[in-house]
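Taking numbering that gives the first Met the number 0, the leading residue of the sequence shown gets 0, the next gets one more, and so forth. Each residue gets a CB set at the ideal place from its N, CA and C atoms; glycine is no exception. Reviewing the structure listed below.
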Amino acid sequence: MRTEHKTAADVILPESPACPLNVVLGGAPLLGRVTGIGRYTYELARALVASQIIDDLKLWGDLSFLDAGRLKRDDPIGEGPAGLADKKNRERSGSLAVSARGFASRSYYASIVYQYVSSAMAERRLRPLADSHLYHSPNFIMPYFDGARVMTIHDLSTVRFPEFHRKQMVVLCEAGIHLAIEGKAHVITDSFHIRDELVNDFGVEISRISTVHLAPDPRCRPRHESECRHALDALGLSHKAFFLSVGTIEPRKNLLRVFEAFRAGRRASHFDWPLIVVGASGWKSSREHEMLDELHKGWVSTLSGLCYR
């Protein structure tokens, strides 16, 4: 029986850069519709494989391991969640995980059942890796793991604005924050602002936090009009003559204020550019969609289901 919990420092020794590093990365964000954290997880996993700084990378998908080998083959994530399931049981395990997560999202009590089952599966499947691997959760959710743990905290909106999140997500994220507060996991933040909030408002030791800023995708760069003409013509747009909003359409993105500002500007004839809204429908977004419908008459275009290519 363990007498103390292993920390990330026990696995990553600065004075021994050549020592083998094995990682279990939480792959649940790759299941189902891929949003921001899913993309973060995918790019992080791809980079770890490409950099060859780790000896072994495993993806844990709540109920089973996913096929990390596909990351080496540069397969597009857009093929669907089953594409990252265990090779032997790819279709069955991938669809099972997605179905289970869909069940959990239906209600708070369903999420409790799912959390209980997934925790039991994680404890059983991850136990043999506790001495050899570090577990990195790309979001707040940390399964039971008796080895070194790292989690990424992107923001504290579940704490600051719990009314904009499902109750089950608030509970899970609060549990993750408590792990950080209790010093049982090293924390990565995207910004110094979130780091400072954890230190000043929650008492997390600054030595337990590393700030790693998000890197832009190479495709996110200024482009000449000739590069964009085909895509813009297909959408009826002109180069550098439109407003663009990208992200899930939901209350916590403050889109109502964006829409109102856009409407006020158009009515006052400050500009005649259209507003392009790209994103899937989020939780409790009926008011946002109502306002989009009002603006849709010549001023706004909506696009959804775009793939990263």
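Might you give, ordered along the chain, the residues of its own chain that have their beta carbon closer than 8 Å to the beta carbon of Glu196, omitting 5 neighbours on each side?
Taking the sequence shown and counting its residues from 1, one reaches residue 196 at position 197. Excluding residues within five positions, the ones whose Cβ falls inside 8 Å are Leu155.
Nearest by alpha-carbon distance to Ala121: which of Leu58, Phe258 and Glu224 is it?
Start at 1 with the first residue of the sequence shown, and residue 121 comes out as number 122. For Ala121, the nearest C-alpha among the options comes from Leu58.
Around the Cβ of His132, are there at least 16 other Cβ atoms within 10 angstroms (buried) or fewer (exposed)?
Residue numbering aside, residue 132 sits at position 133 when the sequence shown is read from its first letter. Buried, since its Cβ has 16 or more Cβ neighbours within 10 Å.
Less than 7 Å between the C-beta atoms of Trp282 and Glu249, yes or no?
Working through the sequence shown from its first residue, we reach residue 282 at position 283. Working through the sequence shown from its first residue, we reach residue 249 at position 250. The answer is yes: Cβ separation under 7 Å.
In chain order, which continuous runs of the beta strand (DSSP E) of length 3 or greater are located wholly inside the region 13-56?
21-25
For the alpha helix (DSSP H) containing His177, list its first residue and its last residue.
Within the sequence shown, residue 177 is the residue found at index 178, counting from 1. That run of the alpha helix (DSSP H) goes Lys166 to Ile180.
With Arg148 as the anchor, note down where its beta strand (DSSP E) starts and where it stops.
Indexing the sequence shown from 1 puts residue 148 at position 149. Ala147 to Ile152 is the extent of the beta strand (DSSP E) around Arg148.
Would you say Phe138 and Ile36 are within 7 Å of each other, going by their C-beta atoms?
Along the sequence shown, read from residue 1 onward, the residue named residue 138 stands at position 139. Along the sequence shown, read from residue 1 onward, the residue named residue 36 stands at position 37. The question names Phe, yet the displayed sequence has Asn at residue 138. Against a cut-off of 7 Å, the Cβ pair of Ile36 and Asn138 comes out as a contact.
For Phe201 and His295, I'd like the C-alpha separation in whole angstroms.
Counting from one through the sequence shown, the residue named residue 201 turns up at place 202. Counting from one through the sequence shown, the residue named residue 295 turns up at place 296. If I take the Cα positions, the gap works out to 43 Å.
Quick one, which of Leu254, Gly235, His238 and Ser237 has its alpha-carbon nearest Ser244's?
Position 245 of the sequence shown, counted from the start, is the residue given in the question as residue 244. The candidate whose alpha carbon is nearest that of Ser244 is Leu254.
Could you tell me whether the region 182-196 touches the region 217-234, where touching means 3 or more Cβ pairs closer than 8 Å?
no
Label Ser110 either buried or exposed according to how many other C-beta atoms from any shown protein chain fall within 10 Å of its C-beta, with 16 as the threshold for buried.
Position 111 of the sequence shown, counting from 1, holds the residue named residue 110. Buried, by the Cβ-count rule.
Run the CB neighbour count on Gln51, radius 10 Å, all protein chains shown included, and call it buried at 16 or more, exposed below.
The count along the sequence shown starts at 1 and reaches residue 51 at position 52. So Gln51 ends up on the exposed side.
Tell me whether the region 207-218 and the region 235-242 touch, counting them as touching only if at least three CB pairs, one residue from each stretch, are closer than 8 Å.
no
By Cβ distance, which residues of its chain are closer than 7 Å to Gly264, with the 5 residues on each side in sequence left out?
By one-based count along the sequence shown, residue 264 stands at place 265. Closer than 7 Å at Cβ, skipping near neighbours: Phe270.
With 16 other CB atoms within 10 Å as the buried threshold, where does Tyr41 fall?
Counted from its first residue, the sequence shown places residue 41 at position 42. Tyr41 is classed as buried because its beta carbon has at least 16 other beta carbons within 10 Å across all chains shown.
Please work out which residues of its chain come closer than 7 Å, Cβ to Cβ, to Lys262, disregarding the five sequence neighbours upstream and downstream, and give them in chain order.
To locate residue 262, count along the sequence shown from 1; it is residue 263. It is Arg, not Lys, that sits at residue 262 in the sequence shown. Contacts found: Leu294.
Would you check if there are 3 or more beta carbon pairs closer than 8 Å linking the region 19-31 to the region 231-239?
No, the region 19-31 is not in contact with the region 231-239.
Measuring only the C-alpha atoms, how far is His135 from Ser268?
Within the sequence shown, residue 135 is the residue found at index 136, counting from 1. Within the sequence shown, residue 268 is the residue found at index 269, counting from 1. Note on geometry: alpha-carbon atoms of His135 and Ser268 lie some 50 Å from one another.
Could you tell me how far apart the beta carbons of Val158 and Ile176 are, in whole angstroms, since I believe they sit closer than 8 Å?
To locate residue 158, count along the sequence shown from 1; it is residue 159. To locate residue 176, count along the sequence shown from 1; it is residue 177. Indeed, because the Cβ distance is near 7 Å, the residues count as touching under 8 Å.
Are the beta-carbon atoms of Val48 and Leu62 separated by less than 7 Å?
Here residue 48 refers to the residue found at position 49 when the sequence shown is read from its first residue. Here residue 62 refers to the residue found at position 63 when the sequence shown is read from its first residue. No; because the gap between Cβ atoms is not below 7 Å, this pair is not in contact.
Between the Cα of Gly146 and those of Asp130, Arg218, Phe160 and His153, spot the shortest distance and give me the residue it belongs to.
By one-based count along the sequence shown, residue 146 stands at place 147. The candidate whose alpha carbon is nearest that of Gly146 is Asp130.
How about Val186 and Ile152: are their beta carbons less than 7 Å apart?
Locating residue 186 in the sequence shown gives position 187, counting from the first residue. Locating residue 152 in the sequence shown gives position 153, counting from the first residue. Yes. Within cutoff.
What are the boundary residues of the alpha helix (DSSP H) that His288 is part of?
Residue mapping note: residue 288 aligns to position 289 of the sequence shown, counting from 1. It spans Ser285 to Leu294 - the alpha helix (DSSP H) in which His288 sits, taken as one unbroken run.
Which one of Phe160, Gly60, Gly278 and Leu65 has the shortest CA to CA distance from Tyr113?
Locating residue 113 in the sequence shown gives position 114, where the first residue counts as 1. The shortest C-alpha separation from Tyr113 is found at Gly60.
Run through the region 221-276 for me and flag every whole alpha helix (DSSP H) of 4 or more residues, listed as ranges in chain order.
As far as the region 221-276 is concerned, its whole alpha helix (DSSP H) runs of at least 4 residues are 224-234 and 254-266.
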